[in-house]
Amino acid sequence: MRRLISIAFLFIIIVIGKFVIVAQDMKPPVAKKEPKVLKIHGYEITDNYAWMRDRNKDKDPAVIDYLTAENKYTESFMGQHQPLVDTLYKEMLGRIKQTDLSVPTKIGDWWYFTRSEEGKQYVTNLRSKTRDGANAEVLLDQNEMAKGLKYFAVGTFEISDDGNWLAFSTDTTGYRQYTLQFKDLKTGKILADKLERVTSTEWSADGKYFFYGQEDDVSKRSDKVFRHVVGTTGPDTLIFEEKDVLFNTGIGRSADKKMMFIGSGAATMSEYRYLPAGTPLGEWKMIAPRRENHEYNVTFDMGEFYILTNRDAENFKVVRAPANDPTEANWKDFIPHNPAVKVENVSFFKDYAAVSELENGLEYIRVMDRKTRRADIRIPTEESVYTMGLSGNPEYDTPYIRYTYSSMITPNSTFEFDLKTRQSNLVKQQEIPSGHNKEQLRNNPRMGDRPRRREGSGFDRDEKGHEAGRQGSDVALRLRFLWLFDDAEFLYCEIKPRRSRNDLRHCSYSWWQRTR
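Numbers given in the numbering used here equal positions in the sequence shown, counted from 1, plus 7.
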């Protein structure tokens, strides 16, 4: 190990020395300093480069000039490596099937999927009455929509309950501020309605109203929730505003579509309000008020509320509460706390529930049969080291649940688990055009014949043994790091959200070492 590290440092020194020689031909640009004092939480901070934070539509020429100079310097610095860049690009491209179809997802009476084509930068969104995609109709041709734009991305893609309306949002700046529009899928026309800076979204049950979260145009904090009347362009009704700068807010709906929720979340606190989906103009009520170190999430099923909570449960548990009064005084255990198993989430389907769990650093999906009450089952996995999770399950009344699975030697795969037979069926596996031999990877001596595993937590703990929190980004994030060494030892690290999109709090790691 020490020999390998020494070689690594030697390589860095050589590369840096080579870069110094190359860089002599052109001096690196130096950004000007314009001190700006910022007052944050009672402290004064001087930022010499605040002038670069230009969010105006018409950019400061000084910012553009500096970035242009940086790009030229980078090109002179790295230009000698262009052949290697081209080689790596071709190698990576060889692992991507450019013309492909996504796994179709059933929503109501339609199957929805995307199509990518070689030579085109964006996908096309389609739907069909049949799973095989026959006679598909185009919903969004993103390549046409992106013509003439320097940047284009689709965010929200949400179908109304009756399948007649599509709400979709687009970003044309790269700043992740999305503008939402509505498309009448019966006529193909796009309405004049435009909703700005949209984050979370949800249709009302009757399709007349559309609820959406909106972010602040400067801080990008999602702080407001509005109710919009579809087909109108007037001011929308503000139904909730989160004024605490530590919190983000958003709108959601239970899987059975009977209950709507407005959630507010910070690093270590949560708060939810609810409203029956059949009364979109009704009064929102509180589940449990926010308090320090209490995180919870809520859904609704079979006439009751189900709350995932860390109240007296460091690894989280699930409680149930009656529909007429879901306050904390009425919470009763549904999935008791288990110090050895962390409950990540619980998803409800008609007569079934799927519990996403984490034990010894590995992910599991436990299926509960709520109709026949037969014993719970964890979906079996073939390998001892992998990652898996529920994916693409919008239908409440479904004969199967869909999950994704991958490992060091298995490409990303989509399975359907039959809820009655308890058998998994492979629906689609990522194709590797340049070739992939699973058995060859499995038998690679560098990977070892019988690996042993040690696991732990990658975040520091406080004096009480609790994991230190991390405030994350506004998107679901999963990072993996891998180091390979001569003694077949490597580190796998995964960082992902706990309950909300704004709380990255878990890092599991493992070492595998070849037995000698």
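Ideal placement from N, C-alpha and C gives every residue a C-beta, glycine not left out. These numbers were taken from a predicted model, which means no experiment stands behind them.
- According to DSSP, residue pairing for Met59 in a beta bridge does not occur.
- Asp308 sits buried, since 16 or more C-beta atoms from the chains shown fall within 10 Å of its C-beta.
- Remark: C-beta atoms of Arg134 and Leu146 approach each other more closely than 8 angstroms.
- A straight-line Cα-Cα distance of about 14 angstroms links Trp338 and Gly310.
- In summary, Ala143 is buried, with 16 or more beta-carbon neighbours lying within 10 Å of its beta-carbon over all protein chains present.
- Glu98 carries a helical assignment under DSSP once its states are collapsed to helix, strand and coil.
- Taken in chain order, no unbroken stretch of alpha helix (DSSP H) lies wholly in the region 306 to 384 with a span of 4 residues or more.
- In this structure, the beta-carbon distance from Asp191 to Leu202 does not fall below 8 angstroms.
- The shortest CA-to-CA distance from Trp58 to any of Ile71, Ser271 and Arg183 is the one to Ile71.
- For Thr75, the enclosing alpha helix (DSSP H) covers residues Pro68 to Met85.
- Straight across, the Cα-Cα distance linking Gly259 with Glu82 is about 46 angstroms.
- The DSSP-derived three-state label of Pro418 is coil.
- Asn255 and Ala273 have their C-alpha atoms some 7 angstroms from each other.
- It is roughly 16 angstroms from the alpha-carbon of Thr206 to the alpha-carbon of Ile166.
- Per the C-alpha coordinates, the member of Ala69, Arg62, Ile47 and Pro35 positioned closest to Glu41 is Ala69.
- The three-state secondary structure of Gln436, taken from DSSP, is strand.
- Between the region 421 to 428 and the region 396 to 413, the count of Cβ pairs shorter than 8 angstroms is three or higher; the stretches touch.
- Counting C-beta atoms within 10 angstroms of its own C-beta, Arg204 has 16 or more neighbours from the protein chains shown and is therefore classed as buried.
- Cβ-Cβ separation between Gly399 and Glu370: approximately 17 angstroms, too far for a contact (criterion under 8 angstroms).
- Residue pairing of Trp210 in beta bridges, as defined by DSSP: Phe217.
- In this structure, the CA atom of Glu366 is about 44 angstroms from the CA atom of Leu45.
- With respect to Gly238, Asp200 sits close: the two C-beta atoms are nearer than 8 angstroms.
- A distance below 6 angstroms between beta-carbons, with the five flanking residues on each side excluded, links Lys378 to the following residues of its chain, in chain order: Asp358.
- For His235, the pairing in a beta bridge is given by DSSP as Phe217.
- Nearest to Glu151 by C-alpha distance, out of Ile246, Thr240, Tyr129 and Val434, is Tyr129.
- Here Phe218 is near Ser211, since their CB atoms are less than 8 angstroms apart.
- When DSSP reads this structure, Met395 sits in a beta bridge with Tyr412.
- Asp93 sits in a helix when the DSSP states are folded into three classes.
- Within its own chain, the residues whose Cβ lies closer than 6 angstroms to the Cβ of Gln437, once the five positions on either side in sequence are excluded, are Pro418 and Asn419, listed in chain order.
- Beta-bridge partners of Val145 (DSSP): Leu133.
- Here Arg260 is bridged, per DSSP, to Met267.
- Under the three-state reduction of DSSP, Glu222 is assigned to strand.
- Pro343 places its beta carbon 8 angstroms or farther from that of Asn322.
- Judged by DSSP in its simplified three-state form, Glu151 adopts helix.
- Non-local C-beta neighbours of Gly214 in its own chain, meaning closer than 8 angstroms and more than five positions away in sequence, comprise Ser167, Asp168, Asp169, Asn171, Trp172 and Val237, ordered along the chain.
- Secondary structure of Leu426 (DSSP, three-state): coil.
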